[in-house]
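Enquirer:
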Amino acid sequence: MKININANHSEIFKGTTTITMNIKATKFDVFQLSGDFSHNNPLHIANIDTTSLLNSLKLLPNLNSNLASALLDKWIQILNIKGTVIPNGFAHRISFTLDANNTNNFKGQINCQLNLISDKFDISHLKNDYTTSSPVTIRDTSFNSLTYLITSVVGMDKHLIASAQDPNIILTTKSPLPDDGHSHLLKVTIDATNTLAYSGQLTITLQAQTGKMNISSLS
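First residue of the sequence shown: 1, per the UniProt record's numbering; consecutive thereafter.
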């Protein structure tokens, strides 16, 4: 590398010169860094893909400065993703290889481990039999009545109660509800596909009877 030096504007030097130097560019090898982040608190993630995993790494506290810089390089790659994040509200370990060999200032690979939680909770894994709970009185099988029914059953799972109140929830039933004052078994399908925090479908069985709904139990 040639460097031109002009000292004519210096107070104690004058003249110009050109020096030639042999400079070897070196890349920081990320291999020497630890990739085990399983001791950190689990992070929430929507999808297991390169972009989502890179964003998750960037959110880690006290991240090594060299690793933080490498993550900003557009040529950083994630390879060999292993593991599955089941949307059940629990953390799951995901392993993958962070490859910096194609970046401008870094080289090497790191085997990484992260504990991740799905952004959405899959209701299809929940209990679906509420036939032993006391019957709830509803007016009919309209959407509002089904919402009231699900949120009023004693022992109903908290996730089903929350999902039933999402504005994008879909509640349907094909079960008849005769207006005879007696308790009947209803099968209600809860479709949480379009909700904000939940996914999946679940058909629950519970007891209901026709009549006026009691609002005194609502909060």
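Quick reminder that beta carbons are idealized off the backbone N, C-alpha and C, glycines included.
These figures come from a predicted structure and were not determined experimentally.
What separation, rounded to the nearest whole angstrom, lies between the Cα atoms of residue 247 and D166?
Expert: Lying before the first or after the last residue shown, residue 247 is absent from the chain, which here runs from 1 to 219.
Enquirer: I'd like the ranges of any beta strand (DSSP E) spanning at least 3 consecutive residues and lying wholly in the segment 52 to 99.
Expert: Fully enclosed beta strand (DSSP E) runs of 3 or longer: 77 to 82 and 92 to 99.
Enquirer: Between the C-alpha atoms of D180 and V136, what's the straight-line distance to the nearest angstrom?
Expert: Indexing the sequence shown from 1 puts residue 180 at position 180. Indexing the sequence shown from 1 puts residue 136 at position 136. If I take the Cα positions, the gap works out to 14 Å.
Enquirer: Taking 8 Å as the threshold, find out whether the segment 55 to 64 comes into contact with the segment 25 to 41 through three or more Cβ pairs.
Expert: At 8 Å Cβ cutoff, the stretches touch.
Enquirer: Let me know if H182 comes out buried or exposed under the rule of 16 or more other beta-carbons within 10 Å of its beta-carbon.
Expert: Taking the first residue of the sequence shown as position 1, residue 182 is located at position 182. Counting Cβ neighbours within 10 Å, H182 comes out exposed, since fewer than 16 surround it.
Enquirer: Measure the C-alpha to C-alpha separation of L186 and F121 and round it to an integer number of angstroms.
Expert: Numbered from its first residue, the sequence shown carries residue 186 at position 186. Numbered from its first residue, the sequence shown carries residue 121 at position 121. When rounded, the distance between both Cα atoms is 24 Å.
Enquirer: Quick check on DSSP: helix, strand or coil for F106?
Expert: For this step, residue 106 is matched to residue 106 along the sequence shown. Strand, per DSSP.
Enquirer: So if DSSP puts D122 in a beta bridge, which residue, or which two residues, is it bridged to?
Expert: As a first step, residue 122 is located in the sequence shown; it is residue number 122 there, counting from the start. In DSSP, D122 forms a bridge with S199.
Enquirer: State buried or exposed for V30, treating a residue as buried only when at least 16 other CB atoms are found within 10 Å of its CB.
Expert: The residue labelled residue 30 in the question sits at position 30 within the sequence shown. Classification of V30: buried, given that the 10 Å Cβ count is 16 or more.
Enquirer: Which same chain residues end up closer than 7 Å to M156 when comparing Cβ atoms and leaving out the 5 residues on each side of it in sequence?
Expert: The sequence position of residue 156 within the sequence shown is 156, counting from 1. Within the same chain, M156 has close Cβ partners Y130 and I150.
Enquirer: From the DSSP secondary-structure annotation, give me the bridge partner or partners of A208.
Expert: Position 208 of the sequence shown, counted from the start, is the residue given in the question as residue 208. DSSP lists V136 and H184 as partners of A208.
Enquirer: Counting beta carbon pairs with one atom in the segment 113 to 128 and one in the segment 196 to 206, are three or more of them shorter than 8 Å?
Expert: Contact holds: three or more Cβ-Cβ distances are below 8 Å.
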